[in-house]
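The opening residue of the sequence shown carries number 27 in my numbering; numbering runs sequentially from there. By construction, the Cβ of each residue, glycine as well, lies at the ideal position given by its N, Cα and C atoms. Accompanying notes for the structure given below.
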Amino acid sequence: MSTLPLLPPVDPSVDHALRLIVTGASTESTCATDLAAGPWNFDAVPGYGPGSSMGDVIPTGAPRQGELPVAYREADEDELHARIRAAKDALGDRVVVLGHFYQREEVVQHADYVGDSFQLATAAKEHPTAEAIVFCGVHFMAETADLLSGADQAVILPNLAAGCSMADMASIDQVEECWEQLAEVYGPLDAADDEGLVPVIPVTYMNSSAAIKGFVGRHGGIVCTSSNARTVLDWAFARGRRVLFFPDQHLGRNTAKAMGVPLEQMPLWNPRRPLGGSSSAELQDARVILWHGFCSVHRRFTVAQIDQARAEHPGVRVIVHPECPMEVVDAADEAGSTDYIRKAIAAATEPTTFAVGTEINLVRRLAAQYPQHEIFCLDPVVCPCSTMYRIHPGYLAWVLEELVAGRTPNRITVTADVADPARVALERMLAAKPPVAVA
């Protein structure tokens, strides 16, 4: 069996790493030294906050968090952990805390379940007797949990400013305008041709608002995750000539390309241009219309980073998320969902060097969890997801203690007119099964 040099233990905390950087005690670099400050410093300021999405334009009217009481802002890490544990003990089975893979370590350690957005929404569904579901993630995830949980259950987002810049890149108004323009090109979008296919099927990534999921449900479409995107596109192509895929262009492009769809048949729809910036002829020839959206975390990864990893670590195994640009996915050894990345590392039987292209909190946690491997983030700059990082133990302690006191802060609710068709789109996704392999 091959061996790697014994490495010092990895501290999974990105927060600790950032503090070392800003004090000069570390040679690492960060995209924003403000990340070391408490996120409450940015609650009253429009924007996604410091981190990977800080350059993205936030929509007018995006939710903002009210002022966090000073006791939580001034408490140190140990005190906050003690208060969270005490509140959870007091609440017992009345509350379930869900933590996304990309959350900071100081939050994840208190989660009853850790997973991706859909895994956590499913976990919420499996606890129908819990009075409150505290979702440590971002806004669209809490909405999805509300869609799948009971009407009498309260879904709580600890910091209302924890949105998602990718999800915000496809607003309901923009998508409805796009749909109207496509009808001008293709004719009635609910009219099937001689082969029973409609002109276009809308497909939305899980990373989208409830309003977008509702739109998809009303128009015969479906939701996908990064794990089942190919199965969902097969489902859509069995029902439509084309697919309108939003909001992440990279997941759509990478998935469709792997299925054999030529790049020239995947025009990019820019909602700020007539016909998305394409001609009627280009749209007629299209197989997949890609929305002009992206994840700012995964857009940071480059082919140059992969080249450097290979030069410095001969034999390195490069795994990236399919939200990365196509050139990065093509240059990597493998591409897959967050769950795929985790399982690939867990399944490695011999010490291996992994260069991983996904959010830094997960990468550091994996490095600490599997010390027999050398695991590092492709991007050498410490730059976590801006919006995930808005969830801090201070907010978690606050919402839990509010629940103990009989109050329900930051409840996320989806109105019935949106929720009903959104559930239809989610149910279609659950019913779409990959083909069974024949031996």
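Nonlocal neighbours in the same chain, by C-beta distance under 7 Å from VAL164, ignoring five residues either side: Correct list, in chain order: ALA188, GLY189, CYS190, THR413, MET414.
Heavy atom of the ligand NAD within 6 Å of ALA361 beta-carbon: Summarising the ligand content, the structure contains no ligands, and the ligand NAD is consequently not present.
Own chain, CB closer than 7 Å to PRO65, minus 5 neighbours either side, in chain order: GLY75, ASN185, TYR415, ARG416, HIS418
Cβ shell of ARG343 (< 6 Å), same chain only, five flanking positions each side left out: Answer for ARG343: ASP359, THR378, PHE380, listed in chain order.
Residues sharing a beta bridge with ARG343, DSSP: Secondary-structure assignment with DSSP links ARG343 through a beta bridge to PHE380.
Range of the contiguous beta strand (DSSP E) that encloses TRP317: 314–317
Segment contact flag, the stretch 232–244 with the stretch 165–185, C-beta cutoff 8 Å, min 3 pairs: yes
Secondary structure, alpha helix (DSSP H): runs of 4+ residues fully inside the stretch 137–178: 143–151, 165–174
Where TYR231 falls: helix, strand or coil (DSSP): For TYR231, the three-state secondary structure derived from DSSP is strand.
Sub-7 Å separation of PRO397 and GLY240 beta-carbons: no
Inter-residue spacing [alpha-carbon to alpha-carbon] between VAL133 and ASN387: One C-alpha to the other measures close to 11 Å.
Entirely enclosed alpha helix (DSSP H) segments - the stretch 353–420, minimum 4 residues: 364–373, 386–395
Cβ distance (whole Å) where ILE159 is taken to contact HIS136 below 8 Å: ILE159 to HIS136, Cβ: 14 Å. No contact.
Sequence-distant residues of its chain with Cβ nearer than 6 Å to VAL242 (five each side left out): So the list reads PRO228, THR230, ALA451, once near-sequence residues are dropped.
Chain-order list of residues whose beta-carbon lies under 8 Å from that of GLU427 (same chain, five-residue window excluded): Short of 8 Å from the beta carbon of GLU427, and not among the five residues preceding or following it, lie these beta carbons of its own chain, in chain order: ARG109, ALA113.
Whole-angstrom distance between MET285 and ALA465, CA atom to CA atom: The predicted position of ALA465 is uncertain, since its pLDDT is 40 and thus under 50; a value taken from the coordinates is nonetheless stated next. Using only the alpha carbons, I get a separation of about 21 Å.
From LEU117, ARG90, GLY319, THR53, residue whose alpha carbon lies closest to that of ALA431: Closest option to ALA431, judged by alpha-carbon separation, among LEU117, ARG90, GLY319, THR53: LEU117.
Sequence-distant residues of the same chain with beta carbon closer than 6 Å to HIS466, five excluded per side: No answer is possible for residue 466: it lies beyond the span of the chain, which begins at 27 and ends at 465.
Cβ-Cβ distance between GLY321 and TYR128 below 7 Å: Before going further, note that residue 321 is Cys rather than Gly in the sequence given. In this structure, CYS321 sits away from TYR128, with a CB-CB distance that is not shorter than 7 Å.
Contact set for ALA101: own chain, Cβ-Cβ below 8 Å, skip 5 residues either direction: ARG109, GLY420, ALA423
Paired residues, beta bridge with VAL133 - DSSP: Per DSSP, none; premise fails for VAL133.
One or two residues paired with GLY266 in a DSSP bridge: VAL224
Whole-number beta carbon distance between VAL96 and ALA393, since they are thought to touch under 8 Å: Between VAL96 and ALA393 the Cβ distance is about 35 Å, and since that is not below 8 Å, they are no contact.
Alpha-carbon spacing of GLN207 relative to TRP295, whole angstroms: The C-alpha of GLN207 lies about 11 Å from the C-alpha of TRP295.
Whole runs of the beta strand (DSSP E) within the stretch 276–327, excluding any shorter than 3 residues: 314–317
Per DSSP, cross-strand counterpart(s) of ARG14: Nothing in the structure corresponds to residue 14, since the chain is present only between 27 and 465.
PRO26 to GLU131 span [Cα, whole Å]: The structure shown does not extend to residue 26, since the chain spans only 27 to 465, so no value can be given for it.
From VAL226, ARG298, LEU316, PHE161, residue whose alpha carbon lies closest to that of ARG268: VAL226
C-alpha gap between SER28 and GLU376, whole angstroms: Residue placement at SER28 cannot be trusted, given a pLDDT of 47 that sits under 50; what the coordinates show is reported in the next sentence. Taking C-alpha positions only, SER28 is separated from GLU376 by approximately 7 Å.
ALA372 at chain D interface by Cβ criterion, 7 Å: Structure shown: chain D not included; a single protein chain is present.
Other residues of its chain near ALA457: CB distance less than 8 Å, five sequence neighbours each side excluded: none
Buried/exposed call for ARG298, threshold 16 Cβ in 10 Å: exposed
Alpha carbon of PRO89 to alpha carbon of GLU157, nearest angstrom: 24 Å
Simplified DSSP assignment, three categories, for PHE127: In the displayed model, PHE127 falls within coil according to three-state DSSP, outside both helix and strand.
Continuous beta strand (DSSP E) stretch holding ILE248: start and end: 248–250
Own chain, CB closer than 6 Å to ARG391, minus 5 neighbours either side, in chain order: PRO38
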